[in-house]
Every structure is written in structure tokens, then in C-alpha cells.
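Scroll down for the structure; my scribbles are underneath it.
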Amino acid sequence: MECGHCQSETNDGVICSVCNRHLHAACTRLGTVEKWTRMALERRGAWKCDSCSPGNLDPTHIYEQINDLRTHVARLSQENTELKNRIIALETRNRTGTDNQAAPILDAHSGDRIPQYIENELIKVPRLCTDNPWTLINFLDKLHLLNGMNEHLFKPIFQRLATYQQNSVLLRLATSDEPLTFTFVAKELLDELTTPHTQLKLVQSKILRPQFDSENFRTYVEQVMKFNKILSQYSETDLVKCILQGANTHTRAKFNFSTKPKTFIELQALVADVEKLELTETMQKSQSASRRSPQTQYTENYSRSAPTTPKSYGNFESDTDSPRNYTSKPKTSNYSSRTNHTDARTQQPQFNVNASPKSLPK
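The opening position of the sequence shown corresponds to residue 0 in numbering that gives the first Met the number 0, with each subsequent residue numbered one higher.
Shown next, in the form of C-alpha cells:
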């Protein structure tokens, strides 16, 4: 059995009841095996080593644990430094290899100069993460915009983009023998970086979605057609049918056709008609708002600022209709009121001089 402290073999070691380690008696606070053998079985079963004993305050043992910990940390730090150096070396080697691979790509097509306005948009393309399909759809969305700017320069644009992002998948596609088009790149990236279940979710959220309430019909059609070109799912006829079914109620009220559109040209004509009706409706609303007279606007503003609950003035109407009843009170002068006040305060009895002696108070 190996000692848990000095890692040497032991045959007559002691056993800790907490960590179940076998230790030399000399490696513990016992010092000798005799102390262990003299213990009763109950005490042996409850005995704790120096590490597990809460009352152990032996500084020597603590210093030994600290030194062991320092040695372990130093060894881990050295291993960490070696790993960092290896990672830096591998990254440098990989960067040098990709630069050498991408250099002939740009040199071979140096004649196809990319305009400055496209160069400004290249730095705005989101970085592609191979383990996140949602970054892929954002990347393809921006790549579709660059392709629409100049379709003939898509190959040097994609090669420059692959060089900027230093992505192994993009670099492999940029150096492939297949003709570089947006449809080819989108199909290869979707097949390699997504699953059929993920592609179905993208189709449902980007193509088969309904038109939003605040979204005009032209924006809705353009977004659905764009993501259908990216995901390559539906034919022209099926896509037009999906767009007509996804239009909201407000847009459908403006549909006026004898035959449903089946092609993109017929759909664009319908979009133009709906856009005219939307513009007319907006103009009518603005004109009706401007035709309101100043008196009407003042009345509306006053009604908005007026309190919702009328003030209570008591029984004002009944007071005006019926005659008022006043209580008649005798008028007294200020002098008499002061005199009465004095008499009431002093409460002096009044005597009648002409009264008979019997009526006088005793």
C-alpha cells in the first residue's frame, strides 16, 4: 500500500476515516505505530489524518502542503508556457501557408480591379463561423448584396473576401477549379456547414414567412426572392404562389387581377399596382389631414386638453331658479354689541330703583 503523504510503500500504515488514505504513522501526528496499535477499534474507526482533522494546527504540516502546492503550480505554469509557444508556432505556420496560398489568387486576377465602393463594403461582411448556421445566412446575405453590385466581378470579390477572413473553407472554395458564382458558393457552404433540419428552419423563417403588418408589399417580395436565391428551394411558379399566400389582409385588399400571376414579370406588375394604391392611400390621408379648418383643429386640441370629468359646482342651478330665503336678524350697532358683551361677561344684576322693598333681593 502506498503512503498518501510520502508516496512510499507501507505495510502497517494507519487509515484516515475521512479520506480513506493509508499513511505511515511517522508521517502523521502519531509519530509511531505503537500509538495506533494501542487504540481501540472505535477510535481507529474515527481517527482523522492531519489534513482532515479540524483541530490540527501543526505549522510544519501546513508549510509542507504549501511547498507541495508551489511545486505543483510551478510545474503547471511551465507546461502552460510550453503549450502557448506551440500554439504560436502553429498559428505562424498556418498564417504563412494561407498567405502563400492566397497570394497567387490575387496576382492571377490583378487585371480585375475591384471598385472602391465595393472595397468599402467588403470590410462590412460579417465573419463566417463554421459552427453557427445563423452566421452563415448573414454572410450569404451580404455576399448576395456584393454580387448584385457587380456580378462580373464576383470571383475576385470572393477571393478577396476569403483572404480577409482567413477562413479555410472559403480559401478552399476560392482555389477550386469550379467556376466561381454566387449560386455555386452558396450551395457548397450550405451543404457543408448545415444539416437538412437547419436548412428547413431557414426556409420557414426566410421564405415561407407571412408578410409583416408594417412591411410594404415590395419589400416583402424582394426579401423572399432574395433568400430563395440564396437557399435555392423553389421554382419561379411555386415561389410566386408562396408570396401571394403570405401577403397580409391589407395588401390582399389591393389585389385586382383577373388571372393570378405565375411568373416574376407578372408578379412585378402586381407589385407596381399595389405600390400605386399604397401611395394614393398615403396621399389621401395627408390631404384629409391638411384640409381640416383651424377652428376644427382648435376644437380638437381643446377637447384633448379638457378634463375628462366635469367639475362639481354644488346646487348652483337650483339656487338660481328658486328664490333665496334669508333669515331676518335684528340689526345692532357696534356700541350695543359691545355693551351686551360687557354685561354678559360681568354678569352684574340690574336693580330697579322704583321697585318695592319686598321685591328687592335680600
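Using N, Cα and C, we set each Cβ at its ideal position, and we do this for glycine too.
What you are looking at is a predicted structure, and each value in this text was computed from that prediction instead of being measured.
{"Check": "Rounded separation between N131 and T9 - CA only", "Outcome": "56 Å"}
{"Check": "Residue closest to L179, alpha-carbon to alpha-carbon, out of P155, T194 and A271", "Outcome": "P155"}
{"Check": "Beta-carbon proximity of L188 to L152, cut-off 8 Å", "Outcome": "no"}
{"Check": "Backbone secondary structure at N29 - three-state DSSP", "Outcome": "Strictly speaking, residue 29 in this sequence is Leu, with Asn absent from that position. Coil, per DSSP."}
{"Check": "Whole-angstrom C-beta distance between C48 and T27, which should lie under 8 Å", "Outcome": "6 Å"}
{"Check": "Selection from T236, A246 and M282 that minimises the alpha carbon distance to P260", "Outcome": "T236"}
{"Check": "Per-residue burial, Q158 [other beta carbons within 10 Å of its own, 16 or more giving buried]", "Outcome": "buried"}
{"Check": "Residue burial classification, Q203 (beta-carbon count within 10 angstroms, cutoff 16)", "Outcome": "exposed"}
{"Check": "With 16 other Cβ atoms within 10 Å as the buried cut-off, status of W35", "Outcome": "buried"}
{"Check": "Beta-ladder partner(s) of V13, from DSSP", "Outcome": "L22"}
{"Check": "Exposed unless 16 or more other CB atoms sit within 10 angstroms - verdict on N166", "Outcome": "buried"}
{"Check": "According to DSSP, residues forming a beta bridge with E1", "Outcome": "E8"}
{"Check": "Among T250, L207 and N215, nearest to Y233 - alpha-carbon criterion", "Outcome": "L207"}
{"Check": "Q164 (DSSP reduced to helix, strand or coil)", "Outcome": "helix"}
{"Check": "Endpoints, alpha helix (DSSP H) assigned at M224", "Outcome": "F216 to L230"}
{"Check": "Burial state of I250 (16 or more Cβ within 10 Å)", "Outcome": "Reading off the sequence shown, one finds Thr at residue 250, where the question assumed Ile. Buried, because 16 or more other Cβ atoms sit within 10 Å of the Cβ of T250."}
{"Check": "For N255 and Q198, the rounded distance between their alpha carbons", "Outcome": "35 Å"}
{"Check": "Closest Cα partner of L269 within the set V239, M282 and I113", "Outcome": "V239"}
{"Check": "Residue environment, Q210, which counts as buried when at least 16 other CB atoms sit within 10 Å", "Outcome": "buried"}
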